[in-house]
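Enquirer: Here the protein sequences come in this chain order: D and E. When the letters of the first sequence are read in order and numbered with this note's numbering, they come out as residues 2 to 518. When the letters of the second sequence are read in order and numbered with this note's numbering, they come out as residues 37 to 432. Quick one: structure below, then a few questions.
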Amino acid sequence: MGTQAADHISSENQKLLSRDLKANIVTLQTDFGHSPDLIINLAQLRKNTALYASVYLTEMIDHTVINSISNELSQIDAERIKSKSESVFDFLLNTVTKLRATRSGNDYTKMYEEILSGNTVFLVDGYDIYISVSTASDEGRAISEPTTQTVIKGPKDAFTENIDKNVFMIRSRVRNEALRIEDITLGTVTHTKVKLLYFNGIAKKDIVDDLRSRVSKINYDGVLGSNYIEEIIKTDPYSIFPTILNSERPDTVAAGLLEGRVAILCDGTPYVLLEPALFSDFLQSGDDYYENFYVQSLIRIIRYIALIFTLLVPAVFIALVTFHQEIIPTPLLISIAAQREGVPFPAVLEVLLMDLTFEILREAGVRMPRAIGSAISIVGALVLGQAAVEAGLVSAATVIVVALTAISSFAITNYAMSNAVRLLRFAFICIAGILGLYGISMGLIILLLHLCKLKSASVPYLTPAAPYIKGANKDTLVRFPLFKLKFRPAGISGTGKARTNGRNTMDPNITKKPEIR
Amino acid sequence: MKSRRVLAGIVLLANLFLSGCWSSREVNTLGISVCLGIDKSDKGYVISEQVINPKTIASKKMTSESPVVVYTQEGEDINETITRMTTITSRKIYHSHLRMVILGEEIAREGISNIVDYLLRNPEFRTDFYFAIARGSSAREILSVLTPIELIPGVDMFTKLKMATEEWAPVRGLRIIELANDLTADGINATITAVEKVDDGDTTNSTDTLKKSGEFEKLKFTDIGVFKQDKLVGWLDELESKGYNYITDKVLHTVGFETYGDNGMVSYDIPKTASKIKAVVRNNQPAITVEVKLTYDIVDVKGDLNVSKVENIELINKLVEKKLRIICESAIHKAQKELGSDIFGFGERVHDADKAYWKTVKDKWNEVFVDIPVTLELSAKMNSTGDITKSITQKN
Chain D
2 MGTQAADHIS SENQKLLSRD LKANIVTLQT DFGHSPDLII NLAQLRKNTA
52 LYASVYLTEM IDHTVINSIS NELSQIDAER IKSKSESVFD FLLNTVTKLR
102 ATRSGNDYTK MYEEILSGNT VFLVDGYDIY ISVSTASDEG RAISEPTTQT
152 VIKGPKDAFT ENIDKNVFMI RSRVRNEALR IEDITLGTVT HTKVKLLYFN
202 GIAKKDIVDD LRSRVSKINY DGVLGSNYIE EIIKTDPYSI FPTILNSERP
252 DTVAAGLLEG RVAILCDGTP YVLLEPALFS DFLQSGDDYY ENFYVQSLIR
302 IIRYIALIFT LLVPAVFIAL VTFHQEIIPT PLLISIAAQR EGVPFPAVLE
352 VLLMDLTFEI LREAGVRMPR AIGSAISIVG ALVLGQAAVE AGLVSAATVI
402 VVALTAISSF AITNYAMSNA VRLLRFAFIC IAGILGLYGI SMGLIILLLH
452 LCKLKSASVP YLTPAAPYIK GANKDTLVRF PLFKLKFRPA GISGTGKART
502 NGRNTMDPNI TKKPEIR
Chain E
37 MKSRRVLAGI VLLANLFLSG CWSSREVNTL GISVCLGIDK SDKGYVISEQ
87 VINPKTIASK KMTSESPVVV YTQEGEDINE TITRMTTITS RKIYHSHLRM
137 VILGEEIARE GISNIVDYLL RNPEFRTDFY FAIARGSSAR EILSVLTPIE
187 LIPGVDMFTK LKMATEEWAP VRGLRIIELA NDLTADGINA TITAVEKVDD
237 GDTTNSTDTL KKSGEFEKLK FTDIGVFKQD KLVGWLDELE SKGYNYITDK
287 VLHTVGFETY GDNGMVSYDI PKTASKIKAV VRNNQPAITV EVKLTYDIVD
337 VKGDLNVSKV ENIELINKLV EKKLRIICES AIHKAQKELG SDIFGFGERV
387 HDADKAYWKT VKDKWNEVFV DIPVTLELSA KMNSTGDITK SITQKN
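This is how it looks when you write it as C-alpha cells:
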C-alpha cells in the first residue's frame with residue numbers, strides 16, 4: 002500500500018540495477034554527482050569471494066549501527082562462505098536481517114530513496130538486487146514542551162520534526178493493534194515521508210479512502226511542512242476557515258484518532274493534521290478534558306464569546322458611533338462624544354488605523370529576535386496607545402475597543418481559526434463603516450452561508466449544529482462529563498457503537514456512596 | 037463568461053459604495069439635545085434646545101464651561117423652528133437622547149395635539165422621554181437652570197421625575213405613548229406634571245450655581261396639570277394629585293402620617309397599594325366604585341401608643357382610611373366639580389360595563405362625568421410595626 006506513491010513517481014523511467022557492481026557504482030556516483038558525503042565502501046568477506054559494496058550517506062546514518070554491522074561481519078566464520086556471489090548475498094542478508102530491518106529491491110529509484118532516508122545499501126557483485134538496512138540516525142530535536150498549544154494540566158510533550166518519534170508518541174498512547182499506519186512519499190523532489198494514521202473499525206472507511214487518494218495525488222516538488230498538504234487537499238481551497246485541524250500535541254491526535262479522525266503526519270513538521278475537523282473542534286483545547294467539566298464548559302463559552310468579540314466589536318463600535326447613536330445609552334454616548342471632541346479622523350479610519358497598528362506590532366513581535374522583544378511592548382503600549390490618546394489623535398474608546406479585540410483574538414485556542422477571524426474582522430470594519438448595522442447583518446448572513454457550505458472531508462463544517470443532530474451537542478458549546486459522552490462526535494466516525502463496553506460508562510454501583518469508616 | 041462575472045462583481049461592489057455612508061454622522065458633529073422646550077409666542081413657537089457640551093461632562097480636565105447650552109429660536113412651525121437652529125449652532129441637533137419635553141403653560145392651554153403628533157411621527161425621537169409643563173415661568177427659563185451633581189439638567193429632571201414617581205405619591209411621570217393614549221382615548225383625559233423653578237436666593241444661570249451647595253435655583257415637580265381634550269384646564273394640588281394617583285393605581289411607594297390625641301403621632305411607609313375602578317350602569321345612571329387597598333409599615337411612633345396591640349392597630353387602620361378618604365375625595369371633587377375633566381378613566385370603565393349606554397353618552401361624557409356618584413371602598417392594613425414594637429420611651 003505504502004509503495005503506491007513511490008510507484009507513481011518512479012514508473013516514468015524505471016531503471017534497474019545491473020549485475021555488474023562496478024557499473025552500479027559508476028551510475029550511483031554519477032547520479033549523486035560524486036557527492037563527498039556519499040560513502041561507497043568496497044570489501045570482500047574473504048579472499049576470492051565476490052566483491053560487495055556498502056553505500057550510505059555519512060551525515061544521515063547512525064554510525065554505531067554501521068559499526069555493529071561491520072563488527073558482526075568481521076566475526077563470521079569466513080570459511081563457510083564459498084566464492085559464489087549467491088552465497089555472499091545470502092550471507093549478508095542473513096547477517097544483517099538478524100540485526101536490523103532489511104528490505105531489498107532491484108531498481109535505482111527505490112534504492113536511492115533508501116540511501117536518501119539514511120539507510121545503508123549493500124550491493125553484491127554479480128547480483129542485481131540491493132539489500133537495504135535501516136541505519137537512519139534519529140538525531141534531531143529532543144521531545145519538548147508544546148509552544149503554541151499549551152495546556153495547564155495535560156501532558157507536556159509535543160511532536161518533533163522527526164516523523165518516527167511522532168509515530169512513537171502516538172503509538173505509546175494508543176496501544177492497540179487496530180491503529181493503521183500507511184506510508185506515502187510526497188514531493189517529487191523532496192521525497193518527504195508522510196504517514197496516514199487511523200483506527201481500523203473506528204474511522205469511516207470512505208473518509209480514509211478519500212483522504213488517501215487526495216494526499217497521494219499531491220503533485221508538488223516539495224512538502225516542507227504540513228501546511229503544504231493542508232492547502233492542497235482542502236476541499237474548499239479558497240475558504241478562509243481551516244477545515245483541517247493542526248495539532249502539535251500527541252494527546253490531541255490520539256483523542257482525534259479515537260473519535261474516528263484520520264491523522265496525517267509529515268516528516269519535518271511538528272504539526273500533525275487531523276481530518277475531519279469541524280468548527281467546534283477549533284475552539285477546543287486539550288485542557289477541556291483534563292479539568293472539571295463545569296469550569297471547562299464556562300471557559301468554552303468564553304472562547305465563543307471571544308470569537309464573537311474578535312469578529313464584531315470594532316465593527317459594532319463603528320456602526321453605533323457613526324450610524325446608530327440612538328442605541329447607545331445616553332451616559333455612554335456623552336462619554337464617547339467627549340472623548341471624540343477634537344479627534345481629527347472619522348471613527349472607521351481611527352479603528353482601522355489602530356487595528357492595523359496592532360497587527361503590525363504583533364507581526365513585529367513574532368519576527369523580532371527575542372532579545373529585543375521587550376522593546377516592542379514599550380513602543381506599542383506607551384508610545385502608540387497612551388501618547389496617541391493624550392495627543393488627541395485617537396479616542397480612548399477606540400484604544401479600548403482595539404485592545405479588547407486583540408485580547409479576545411488570543412483566547413481562540415486554534416491559531417488558524419484565530420487568524421481567519423482576525424482577517425474577517427477587517428472586512429466587517431469596512432462594511433460597518435459603509436453600511437452600519439445593516440452591513441454587519443448582511444456580512445453575518447454571508448458568513449453563515451459560507452460556513453454552512455463548508456465541508457471537512459465530506460462532513461458539514463457546522464455539524465452537529467447545522468445540520469442539527471439531536472443529542473450530539475454534548476461536546477460542542479459545553480462539555481458534558483466524560484461519563485455522559487458515550488458516543489463519538491456525530492458524522493465523523495464510521496461506527497455508531499458506543500465508546501463503552503455495554504451501556505454504562507461506569508458501574509452503576511459506583512454512584513452509590515459507600516460508607517467507609 | 038469570465039468578463040460577465042467581473043462585470044457582475046463590479047456592479048455589486050459599486051452598489052456597496054454608492055449607498056455610501058448614507059446617514060452616517062460622527063458623534064463629534066452632533067449636538068445631543070436632552071431637553072426640548074416649547075413656548076408660545078406671537079409668531080408661533082419659541083423652541084429651546086438644551087444641548088450637551090460633552091467635554092465639560094466627561095473630560096478629566098476641569099473646565100469652567102457650562103455643561104449645557106440652551107439654543108432658542110422662534111418660528112411659526114415646530115419643525116421649521118428646530119431646523120432653523122442650524123443657523124445658530126455648529127452641530128446638528130440630535131434628538132434621540134431627549135430626556136424631557138417641557139411645555140409652556142400657555143401652549144398647553146392652547147392645545148398640544150400637534151406637538152405630540154410631531155414627536156410621535158419623527159423617527160429621531162425615542163419614546164422614553166417625560167413630559168412636564170413649565171409653571172410660573174417659560175419653558176426656556178426652565179431649560180436654563182443648571183443643576184449640580186447631575187450636571188445635565190435634562191437628565192437631572194428625568195431621573196428626579198422617575199424617582200419621585202416611584203417614591204412619592206403626588207408625582208407622576210408620563211411618557212409619550214401614555215400621553216397619546218390618554219389624548220386619543222374616549223372616556224379618559226390626560227394629565228401632565230408641572231415643573232416649577234424654586235428660587236432659593238440666587239437666580240443667576242451661570243456655572244457659579246454649580247459652586248454652591250444650598251442656596252441656588254432648583255427645579256421642582258409640583259402639581260399635576262389636568263387636560264380636557266388636548267387643552268390644559270387646571271391644576272391638581274399636592275393632596276389632589278396624591279388622590280388622583282391612588283385612584284388610578286399609580287402609587288408605587290409613598291409615605292404618610294397620622295396624629296392622634298394631643299400630641300401623639302404615627303408615621304408610616306406605604307410599600308404597596310392596589311386600586312380598582314368599577315362601573316355599574318342602572319337605569320341609564322352610571323355609578324362608580326373605587327376600591328383602594330393599602331398596606332403600610334410603621335416607621336415612627338410619637339407618644340404612648342402601643343402599636344403592637346390589636347385594638348390600637350385597628351385604630352390606626354381607621355385613621356389611615358379616614359385620611360385616604362379625604363385625599364381621594366378631594367381629587368374627585370376637583371376633577372368633577374371644578375375642572376369637569378375625567379382624568380381617572382371612569383368613562384372607560386363605563387364603556388366596559390355597558391356598551392350600549394356608552395354610545396349614547398360618548399360625545400358628552402365630560403358633562404355626564406360631573407354628576408356621577410362615586411363610592412369609595414377603602415381599606416388599610418398594617419403589615420409590620422418595623423423592627424421594634426413599642427415606642428422606646430414607653431415603660432410598659
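Note that the Cβ used here is the ideal one computed from N, Cα and C, for glycine as well.
Using 8 Å as the limit for Cβ to Cβ distance, is Leu66/E near chain D?
Expert: It does; some Cβ of chain D falls within 8 Å.
Enquirer: Give a yes or no on whether 8 Å exceeds the smallest Cβ distance from Leu452/D to chain E.
Expert: No, Leu452/D does not count as interfacial toward chain E.
Enquirer: For Gln387/D and chain E, any beta-carbon pair shorter than 8 Å?
Expert: No, no contact with chain E.
Enquirer: What residues of chain E sit near Ala348/D, judged by a beta carbon separation below 8 Å?
Expert: Chain E residues near Ala348/D: Glu62 and Val63.
Enquirer: Quick check: the Cα distance between Val190/D and Val224/D, rounded to an integer number of angstroms?
Expert: Going by the C-alpha atoms only, they are around 9 Å apart.
Enquirer: Out of Ile224/E, Asp423/E and Ser84/E, which has the shortest C-alpha to C-alpha gap to Thr117/E?
Expert: Checking every option, the nearest Cα to that of Thr117/E belongs to Ser84/E.
Enquirer: Since Gln109/E is in the beta strand (DSSP E), which residue starts that stretch and which ends it?
Expert: Counting along the chain, the beta strand (DSSP E) containing Gln109/E begins and ends at Val104 to Gly111.
Enquirer: In three-state DSSP terms, what is Phe280/D?
Expert: Of the three classes helix, strand and coil, the one that applies to Phe280/D here is helix, per DSSP.
Enquirer: I'd like to check one pair, Ala389/D with Pro243/D: are the Cβ atoms closer than 8 Å?
Expert: No, these two residues do not count as a Cβ contact at 8 Å.
Enquirer: Applying a beta-carbon distance threshold of less than 8 Å, which residues of chain D neighbour Arg162/E?
Expert: In chain order: Glu327.
Enquirer: Is the shortest distance between the beta-carbon of Glu342/D and the beta-carbons of chain E less than 8 Å?
Expert: Yes, Glu342/D lies at the interface with chain E (some Cβ there is under 8 Å from its Cβ).
Enquirer: Specify the secondary structure class of Lys205/D as computed by DSSP and reduced to three states.
Expert: Correct three-state label for Lys205/D: coil.
Enquirer: Run down chain E in chain order and give the residues with a C-beta less than 7 Å from the C-beta of Thr323/D.
Expert: Those are Ser60, Arg61 and Glu62, listed as they occur along chain E.
Enquirer: Are Arg127/E and Gln109/E closer than 8 Å when you measure CB to CB?
Expert: No.
Enquirer: Please tell me whether Arg213/D and Glu183/D are closer than 8 Å, where the distance is taken between their beta carbons.
Expert: It is a contact, given that the beta carbons lie within the stated cut-off.
Enquirer: For the alpha helix (DSSP H) that Phe429/D lies in, which residues bound it at each end?
Expert: Tyr416 to Lys454 is the span of the alpha helix (DSSP H), which, as asked, contains Phe429/D.
Enquirer: Nearest to Asp285/E by CA position, among Val104/E, Phe380/E and Phe161/E, is which residue?
Expert: Looking at the Cα atoms, Phe380/E is the closest of the given residues.
Enquirer: Can you look up Thr65/D in the DSSP assignment and give me helix, strand or coil?
Expert: The answer is helix: DSSP assigns Thr65/D an H, G or I state.
Enquirer: Where do the N-terminal and C-terminal ends of the beta strand (DSSP E) with Tyr57/D fall, by residue?
Expert: Counting along the chain, the beta strand (DSSP E) containing Tyr57/D begins and ends at Leu52 to Leu58.
Enquirer: Using only alpha-carbon positions, find the residue among Leu448/D, Leu455/D and Leu274/D that is nearest to Lys196/D.
Expert: With distances taken between Cα atoms, Lys196/D lies closest to Leu274/D.
Enquirer: If Gly106/D sits next to Ile130/D, beta carbons under 8 Å apart, how far is it from one beta carbon to the other, in whole angstroms?
Expert: Going by Cβ atoms, the distance from Gly106/D to Ile130/D rounds to 7 Å, so yes, they are a contact pair.
Enquirer: For Thr331/D and chain E, any beta-carbon pair shorter than 8 Å?
Expert: Thr331/D counts as touching chain E.
Enquirer: Note the first and the last residue of the continuous alpha helix (DSSP H) segment covering Phe382/E.
Expert: Phe382/E -> alpha helix (DSSP H) spans Phe382 to Ala389.
Enquirer: Determine contact between the stretch 134-151 of chain E and the stretch 66-77 of chain E, defined as no fewer than three beta-carbon pairs at a distance below 8 Å.
Expert: The stretch 134-151 of chain E vs the stretch 66-77 of chain E: in contact.
Enquirer: List the endpoints of the continuous beta strand (DSSP E) containing Asp75/E.
Expert: Its beta strand (DSSP E) spans residues Leu66 to Lys76.
Enquirer: Could you give the DSSP three-state label for Glu162/D: helix, strand or coil?
Expert: Note: Glu162/D maps to coil in three-state DSSP.
Enquirer: Given that Leu334/D touches chain E, what residues does it touch there, using C-beta distances under 8 Å?
Expert: In chain order: Val63, Ile68 and His133.
Enquirer: Enumerate, from N- to C-terminal direction, the unbroken alpha helix (DSSP H) stretches of 4 or more residues contained entirely within the stretch 213-278 of chain D.
Expert: The qualifying runs are 227-234 and 251-259.
Enquirer: Taking one C-beta from the stretch 331-342 of chain E and one from the stretch 300-311 of chain E each time, how about it: are there three or more such pairs within less than 8 Å?
Expert: Counting Cβ pairs under 8 Å, three or more are found: they touch.
Enquirer: Let me know the beta strand (DSSP E) ranges lying completely inside the stretch 83-147 of chain D, each 3 residues or longer, listed in chain order.
Expert: Here the runs fully enclosed are 103-106, 121-125 and 131-134.
Enquirer: Excluding the 5 residues preceding and the 5 following Thr195/E in the sequence, name in chain order all residues of the same chain whose CB lies nearer than 6 Å to its CB.
Expert: Excluding positions up to five away in sequence, the list is empty.
Enquirer: When burial is assigned at 16 or more other CB atoms within 10 Å of the CB, is Leu48/E buried or exposed?
Expert: Exposed is the call here.
Enquirer: Which chain D residues sit within Cβ distance under 8 Å of Tyr130/E?
Expert: Simply Gln326.
Enquirer: When the Cβ atoms of the stretch 178-189 of chain E are set against those of the stretch 197-206 of chain E, are three or more pairs found closer than 8 Å?
Expert: In short, these stretches do not touch, since the Cβ pair count stays below three.
Enquirer: Please state whether DSSP places Gly261/E in a helix, a strand or coil.
Expert: Looking at Gly261/E - three-state DSSP - the assignment turns out to be strand.
Enquirer: How about Tyr282/E and Leu375/E: do their beta carbons lie closer than 8 Å?
Expert: No, they are not a contact pair.
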